[in-house]
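What follows is a set of notes on a single structure, which appears directly below.
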Amino acid sequence: MHTPSTAGYPIAPICVTCLLHRPPDVTCRPVTGYGSVNGPPDGDLVRRVLDGEPDAFGGLVARYRDRLGRYAMRMLGNPADAEDVLQETFIRAYRSLGRCNDPERFGPWVYGILVNRCRTLGAKRARRNRVQIADDVVLARAAAPGDHAENQALRQTLEWALARVSPTLREAFLLRYVEDLSYEEMADMTGASVPALKMRVSRAREELRRLLVEASDG
Amino acid sequence: MAEHDDRLDRAIALLREPVPLDADLDRRIAERIAALPAPRRAGPLRLAARWLVERRLRVRPVWALAAAAVLMVVTWGVRGLIPAPPPAATTAAAPGLQTVRFVVLAPGAAHVSLVGDFNDWTEDATPMQRIATSDLWAASVPMKPGRYRYAFVADGTTWLVDPDAPPALDDDFGRPNSVVTIGGS
Amino acid sequence: MHRTLPAILFVLVALTPGRAAAQEPRLAGRLPDQTRRDVEALLDSARTAGLPTEPLVDRALEGATKHAPGERIVAAVRRLAADLAASRDAFGAGVSDAEIAAGASALRAGARADDLARLREIRSDQPVTVAAAVLTDLVALGVPPDTATAAVLALAERAKDSEYLAFRRNIERDVALGATPVAALEFQMQSAANLFDAGPGRAAGAANRPRKP
């Protein structure tokens, strides 16, 4: 569903607490804490781990792996790097769980670890416009049955275009448009100022738009 | 311009789709964690430091949204949202071979070939496929471990190198090449 | 001197008149007759000298596809044959065709024969193809040959082929982002050193080592 927005969002996120379309810069305080739609809240799981129940960490992994994996994949461009970074992120989170200042905010905290991991291991690397050792799953994914041909082509073009945007701009674009973070949340995670992040997002949009046009003018 | 924004919007929608991860990932993470010492709570000094630091924290519902999205994927079924890979046998390269994907931007070309040491520099050996109606051309080639010089030829006359690959230093014929090295010897 | 002697000997052998050369079917129809005969004579000499002929055929076919003049194709094949001979001599007996070819590229990039010999000595239990290829690629990225050689030799004892390739890929990407080639190489050397200093089982062990709070 496409909801036009003056802030430029293609799809306005829905707050699961109030079930209303959330305008970009309005926050909402959920009643039961983060990640509590299904299962115990993050804070409970963190406390259980620290109280000597390490298996409880598995609940946090299951809760966040897909979303963190999506960001890592979009940022790094190949499944092997993304899965490596994802593993390292969870390992680091587990080992330093005692230093998570606010267990209720495990989500943003582990997300910040992931963003830094991506920067350290992959964000300094320019992504290539071809994988040197193509993963069969990647190739299969690109040719998935039932996938609309136009979407398939756009996927491949998008891979190529994302590879040409600098990691700094790519990171800002993904955090804003794919992960739906506010500029304040992005500032917390990246250490950049809100004005700087707004400029990066704007430049990333322009650059991607230009690349998509360049690739399609055939 | 409106058409271009629609394309970007569709691109963003695709980027927001779930990404299939290795089914074995959770087990690998669990194994590694099992080998680690249990994490401990912060000591009193760190607790004191925490209260001395002013935090710019606001409750964010975005994480609840993420959990809801995961729940929706699980309960509505993965098949409709995440493309299932076909059986490995139909896409795996033969033993000892690795599949390398080559992509090049060739504006205005009607035909692009990949030529190199792996196909005797024969122009019709590896024709590339245009990606939809774009100027991007792609080809996947099963290759044995080794080092290969290669280039792209557009319409039989224009030679293109791969901007993302190392250049071949020995240029004997005035048209530069790129190099790909496949490990695993 | 060490490099030119085998090359000179090779050229002398190749120019010996009256030797019937075997036919390489892939050249038929792609090269002018005289060019094909000259190239086949070079192939024959290479075969006699125990050198791989596939790189020579590839070079000739490359020239054919690029519509290069016959004499230029022959000169390129002859030069490559000399490089292959020098590479094989540098590496010593028992090396594979792929290693010889990779060594030839490294010599062309500016590596010294003594350094190739050293590389072979350090990695005596595994092929040196990828290590030599990475050396060449580093020079292609702008790293001075001596610096590239030193880096490759420093990694030779402990780096797996996949680590060599990752090393090169990382440098490539840092250079693409604006780092100077040498600065990028220094940074990646330090990363590699940190990784190797973690000890045996480093891939898993380094990550799992308990950290001080």
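Protein chains in written order, with the working numbering: chain A, 1 to 218; chain B, 1001 to 1185; chain C, 2001 to 2213. Just so you know, even glycine gets a beta-carbon here, dropped at the ideal spot from N, CA and C.
Going by other Cβ atoms of all chains shown within 10 Å of its Cβ, with 16 needed for buried, is residue i buried or exposed?
i: residue 2194/C; result: exposed
i: residue 1113/B; result: buried
i: residue 150/A; result: exposed
i: residue 2137/C; result: buried
i: residue 1178/B; result: buried
i: residue 165/A; result: buried
i: residue 85/A; result: buried
i: residue 1099/B; result: buried
i: residue 2192/C; result: buried
i: residue 1027/B; result: exposed
i: residue 2083/C; result: buried
i: residue 2018/C; result: Unreliable positioning characterises residue 2018/C in this predicted model, as indicated by a pLDDT of 45, which lies under 50. The coordinate reading is nonetheless provided below. It is exposed - the Cβ of residue 2018/C has fewer than 16 other Cβ atoms within 10 Å.
i: residue 66/A; result: buried
i: residue 1173/B; result: buried
i: residue 2023/C; result: exposed
i: residue 59/A; result: buried
Quick check on DSSP: helix, strand or coil for residue i?
i: residue 1019/B; result: coil
i: residue 1136/B; result: strand
i: residue 1099/B; result: strand
i: residue 252/A; result: Because chain A spans 1 through 218 in this model, residue 252/A falls outside it and cannot be assessed.
i: residue 1176/B; result: coil
i: residue 1131/B; result: coil
i: residue 2158/C; result: coil
i: residue 201/A; result: helix
i: residue 1040/B; result: coil
i: residue 119/A; result: helix
i: residue 2128/C; result: coil
i: residue 2094/C; result: coil
i: residue 1121/B; result: coil
i: residue 2217/C; result: There is no way to answer for residue 2217/C, as the model of chain C reaches only from 2001 to 2213.
i: residue 2149/C; result: helix
i: residue 187/A; result: helix
I'd like to check one pair, residue j with residue i: are the Cβ atoms closer than 9 Å?
i: residue 1131/B; j: residue 156/A; result: yes
i: residue 1149/B; j: residue 1168/B; result: yes
i: residue 2143/C; j: residue 2164/C; result: no
i: residue 1143/B; j: residue 1180/B; result: yes
i: residue 75/A; j: residue 170/A; result: yes
i: residue 2051/C; j: residue 2091/C; result: no
i: residue 1105/B; j: residue 215/A; result: yes
i: residue 42/A; j: residue 103/A; result: yes
i: residue 179/A; j: residue 64/A; result: no
i: residue 2058/C; j: residue 1120/B; result: yes
i: residue 1012/B; j: residue 61/A; result: no
i: residue 2171/C; j: residue 2190/C; result: no
Could you work out which residue in the options is closest to residue i when comparing CA atoms only?
i: residue 2131/C; options: 2162/C, 2114/C, 2113/C; result: 2162/C
i: residue 1138/B; options: 1025/B, 1145/B, 1146/B, 1153/B; result: 1153/B
i: residue 2097/C; options: 2085/C, 2038/C, 2108/C; result: 2085/C
i: residue 99/A; options: 1032/B, 1039/B, 1018/B, 1008/B; result: 1039/B
i: residue 95/A; options: 77/A, 54/A, 67/A, 64/A; result: 54/A
i: residue 1161/B; options: 1140/B, 1103/B, 1096/B; result: 1103/B
i: residue 2061/C; options: 2076/C, 2166/C, 2168/C, 2095/C; result: 2076/C
i: residue 2173/C; options: 1175/B, 1176/B, 1165/B; result: 1165/B
i: residue 108/A; options: 172/A, 49/A, 181/A, 58/A; result: 181/A
i: residue 2150/C; options: 2049/C, 2182/C, 2024/C, 2089/C; result: 2182/C
i: residue 2079/C; options: 2039/C, 2154/C, 2184/C, 2032/C; result: 2039/C
i: residue 1230/B; options: 49/A, 114/A, 119/A, 83/A; result: It is not possible to answer for residue 1230/B, since the shown part of chain B is limited to 1001 through 1185.
At a threshold of 8 Å, does residue i count as lining the ligand MN (C-beta to nearest heavy atom)?
i: residue 1026/B; result: In the structure shown, the ligand MN is absent, as is every other ligand, since no ligand is present at all.
Is there a Cβ of chain E sitting closer than 9 Å to that of residue i, yes or no?
i: residue 2182/C; result: Judged by its chain identifiers, the structure shown contains no chain E, and its protein chains are A, B and C.
Task: Chain-ordered residues of the region 1003-1037 of chain B with a beta carbon less than 7 Å from chain A - done: 1004, 1007, 1008, 1009, 1010, 1011, 1012, 1013, 1014, 1015, 1016, 1018, 1019, 1020, 1021, 1022, 1025, 1026, 1028, 1029, 1030, 1032, 1033, 1036
Task: chain B contacts made by the region 50-70 of chain A, where a contact means CB separation under 8 Å - done: 50, 52, 54, 57, 58, 61, 62, 63, 64, 65, 66, 67, 69, 70
Open item on the list: Along the region 1117-1140 of chain B, where does the CB come closer than 9 Å to a CB of chain A? Name the residues.
Closed with: 1130, 1131, 1132, 1133, 1134, 1135, 1136, 1138, 1140
Task: Near-chain C residues of the region 1156-1183 of chain B (beta-carbon distance less than 7 Å), N- to C-terminal order - done: 1166, 1167, 1169, 1170, 1172, 1173, 1175, 1179, 1181, 1183
TODO: Check each residue of the region 2156-2172 of chain C: if its Cβ is closer than 8 Å to any Cβ of chain B, include it; give the result in chain order.
DONE: 2161, 2162, 2164, 2165, 2168, 2172
- [ ] Can you give me, in chain order, the residues of the region 83-96 of chain A that have a beta carbon less than 8 Å from any beta carbon in chain B?
- [x] 83, 86, 87, 90, 91, 94, 95, 96
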